[in-house]
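As structure tokens, the structure follows; a few thoughts come after it.
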Amino acid sequence: MPVQLSSHAQVLVAERLRAAGCVFAEDEAQLLVAAALTPAALEDMLGRRVAGLPLEQILGWAEFCGLRIAVEPGVFVPRRRTEFLASKAIDLARLVDGSPVAVDLCCGSGAVAAALADAVSGLELYAADIDPAAVRCARRNLGTAGQVHEGDLYAALPIDLRGRVDVLVANAPYVPTGAIGMMPPEARLHEPRAALDGGTDGLDIQRRVVDAAHEWLAPGGYLLVETGPSQLNETARIFEGNSFAAQAAYSAELDAAVVVGTILRK
Ligand SMILES: C[S@@+](CC[C@H](N)C(=O)[O-])C[C@H]1O[C@@H](n2cnc3c(N)ncnc32)[C@H](O)[C@@H]1O
52 MPVQLSSHAQ
62 VLVAERLRAA
72 GCVFAEDEAQ
82 LLVAAALTPA
92 ALEDMLGRRV
102 AGLPLEQILG
112 WAEFCGLRIA
122 VEPGVFVPRR
132 RTEFLASKAI
142 DLARLVDGSP
152 VAVDLCCGSG
162 AVAAALADAV
172 SGLELYAADI
182 DPAAVRCARR
192 NLGTAGQVHE
202 GDLYAALPID
212 LRGRVDVLVA
222 NAPYVPTGAI
232 GMMPPEARLH
242 EPRAALDGGT
252 DGLDIQRRVV
262 DAAHEWLAPG
272 GYLLVETGPS
282 QLNETARIFE
292 GNSFAAQAAY
302 SAELDAAVVV
312 GTILRK
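All residue numbers for the sequence shown refer to my numbering, where the first residue is 52 and numbers rise by one.
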């Protein structure tokens, strides 16, 4: 049973959140009050939020594609913009005959993989991340819907997946190193650096993902990579430089950018 607060007390909670810089203070107040079982728990949650922890890490979940995704402290919080990547992956997986094989590389909490599992029936699903905390979290979120592996990009995957992947999705880190300092403190201070930092131009890990994707994709398979809107053309060029036909897509609603590639026939 959540803690019961008078409407005046709830307004005071929202005011504390607003004073700490929370833009959606009323919504956050409602979520925190609904999650707290005692006044002391509410005070503890409020204190952590006011100190700058991401709301989702305090609640223990984030909403993604209509699902509640468990998010542990120290794990990247899935962003709404990544629903664009997930929806494109879902559409493409549905086009595959039989039982599609899908991989979520750099899976973090496993949000994209979980959305795929929820929307596509008969999926053979794998996810992988280098961070043990993310892997633990993704295992919670996927349960029996897919396997989660720990390791550096493709090195984490079972070897017999080579040449079998119909839909390969990656939301790898893509923030340029020099821009990390300009990110909101929530991300900069409470999400792992390895989840954000994509190297000098932000595209180092994407290059590695695209470069080795040929070995893993099935004939006619798709590679989908989220990128920053300002990096869209450069990410598409990385695809083209690796013999992919690339389609760059942008969602103004979510301010989200994705490149979808298929291997060019020789
Ligand atoms: C931007 S987060 C995205 C997480 C998740 N895909 C999402 O959309 O919520 C990037 C993730 O890539 C992982 N990562 C970074 N470098 C990696 C590598 N070399 N191999 C595997 N995972 C990596 C990080 O641990 C982090 O979880």
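Each residue gets a CB set at the ideal place from its N, CA and C atoms; glycine is no exception.
In this text the structure is predicted, and so the values were computed from the model without any measurement.
#1: Using the C-alpha atoms, what's the distance from residue 93 back to residue 225?
#2: Could you check what DSSP says for residue 119 in three-state terms: helix, strand or coil?
#3: Straight-line CA distance for residue 104 to residue 80?
#4: Using only CA atoms, which one of 78, 109 and 68 lies nearest to residue 87?
#5: Say the cut is 8 Å; is the CB of residue 170 nearer than that to a heavy atom of ligand 1?
#6: Pick helix, strand or coil for residue 242, following the three-state DSSP scheme.
#7: Given a threshold of 16 other Cβ atoms within 10 Å of its Cβ, counted over all protein chains shown, does residue 290 qualify as buried or as exposed?
#8: Answer yes or no: do residue 161 and residue 199 have a C-beta to C-beta separation smaller than 9 Å?
#9: Determine, using beta-carbon pairs with one atom in the region 281-296 and one in the region 176-183, whether at least three such pairs fall under 8 Å.
#10: Can you tell me which of the three DSSP states residue 291 falls into?
#11: What residue does the beta strand (DSSP E) around residue 109 start on, and which one ends it?
#12: Hey, which unbroken runs of the beta strand (DSSP E) at 3 residues or more fall wholly within the region 159-187?
#13: Please determine whether the Cβ atom of residue 222 lies at a distance below 8 Å from any heavy atom of ligand 1.
#14: For residue 217, count neighbouring Cβ atoms within 10 angstroms of its own Cβ and tell me buried if that reaches 16, exposed if not.
#15: Can you give me the Cβ contacts of residue 112 inside the same chain, cut-off strictly under 8 Å, excluding the 5 residues immediately before and after it?
According to the data block:
#1: 35 Å
#2: Residue 119: strand per DSSP, three-state reduction.
#3: 14 Å
#4: Ranking the options by Cα distance to residue 87, first place goes to 109.
#5: no
#6: coil
#7: buried
#8: yes
#9: In short, these stretches do not touch, since the Cβ pair count stays below three.
#10: helix
#11: No beta strand (DSSP E) holds residue 109; the alpha helix (DSSP H) holding it covers 106-110.
#12: 175-180
#13: For residue 222, the CB falls within less than 8 Å of some heavy atom of ligand 1.
#14: Residue 217 comes out buried.
#15: Closer than 8 Å at Cβ, skipping near neighbours: 119, 120, 121 and 122.
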